[in-house]
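Participant:
Numbering (mature numbering (1 follows the signal peptide of the UniProt record, and there is no 0)), first residue to last: -20 to -1, 1 to 112.
(1) On a Cα-Cα basis, can you pick out the residue from 108, 104, 109 that is closest to residue 4?
(2) Hey, how far is the Cα of residue 59 from the Cα of residue 18?
(3) Counting C-beta neighbours from all protein chains within 10 Å, is the total for residue 91 16 or more, i.e. buried, or is it exposed?
(4) Kindly give me the distance between the Cβ atoms of residue 61 and residue 29, rounded to whole angstroms, as I take these residues to be in contact under 8 Å.
(5) Between which residues of its own chain and residue -12 is the CB-CB distance below 6 Å, once the five residues before and five after are set aside?
(6) Please go through the same chain and pick out, in chain order, the residues whose beta-carbon is closer than 7 Å to the beta-carbon of residue 95, but skip the five residues on each side of it.
(7) Enumerate in chain order the residues of its own chain whose CB-to-CB distance from residue 106 is below 6 Å, with the five nearest sequence positions on each side excluded.
(8) Less than 8 Å between the CB atoms is what I'm expecting for residue 7 and residue 20, so what's the real figure, rounded?
(9) With 16 as the cutoff for other CB atoms within 10 Å, does residue 15 come out buried or exposed?
(10) Tell me which residues share the same chain as residue 24 and place their Cβ nearer than 6 Å to its Cβ, disregarding the 5 neighbours each side in the sequence.
(11) Quick check on residue 52: does DSSP put it in helix, strand or coil?
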């Protein structure tokens, strides 16, 4: 019996991981505003539900950045709120350019979000599985 326990644990862990996964990808922005220091040094912070998923790299001096990072969250549930915060990285403090929030739904979706300070954030996400 003891020898089958690791296999059983592996199967159970695999099932819980496969139940529901959020994947955020294809993050890019257009027409980000400039400030007195110059062209925007943009990055995006990503949140889902009460969890911080991370942040992208900073794209220096680029009003139309594209980020290669992808974010995954295995505990996502349908109708969780995904929040994307677009920032301009500066020497003393970072400016918040805008916040995009959306309740996530199953399937693959592409969205455009108009930022409060100007510019548009484009992104795609996929929510797979059923975490009920």
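Idealized CB from N, CA, C, for every residue including glycine.
Facilitator: Checking against the coordinates, here is how it stands:
(1) On the chain shown, residue 4 is found 24 positions in, with the first residue counted as 1. Comparing Cα-Cα distances from residue 4 to each of 108, 104, 109, the minimum goes to 104.
(2) One-based indexing of the chain shown puts residue 59 at position 79. One-based indexing of the chain shown puts residue 18 at position 38. If I take the Cα positions, the gap works out to 38 Å.
(3) Residue numbering aside, residue 91 sits at position 111 when the chain shown is read from its first letter. Exposed, by the Cβ-count rule.
(4) Here residue 61 is taken as the residue at index 81 of the chain shown, counted from 1. Here residue 29 is taken as the residue at index 49 of the chain shown, counted from 1. At roughly 7 Å, the Cβ-Cβ gap stays under 8 Å, so residue 61 and residue 29 are in contact.
(5) Sequence index remark: in the chain shown, residue -12 carries index 9 (1-based). Its pLDDT being 43, under 50, residue -12 is placed unreliably in this model, and the coordinates cannot settle the point.
(6) Against the chain shown, residue 95 aligns to sequence position 115. Only 66, 77, 78, 101 meet the Cβ criterion.
(7) On the chain shown, position 126 is the one that residue 106 refers to. Same-chain partners within the cutoff: 3, 88.
(8) Within the chain shown, numbered from 1, the residue matching residue 7 stands at position 27. Within the chain shown, numbered from 1, the residue matching residue 20 stands at position 40. Contact doesn't hold; Cβ gap of about 14 Å is too wide.
(9) Stepping through the chain shown from its first residue, residue 15 is reached at position 35. Exposed, because fewer than 16 other Cβ atoms sit within 10 Å of the Cβ of residue 15.
(10) The residue labelled residue 24 in the question sits at position 44 within the chain shown. Only 7, 36, 64, 66 meet the Cβ criterion.
(11) Residue numbering aside, residue 52 sits at position 72 when the chain shown is read from its first letter. Strand, per DSSP.
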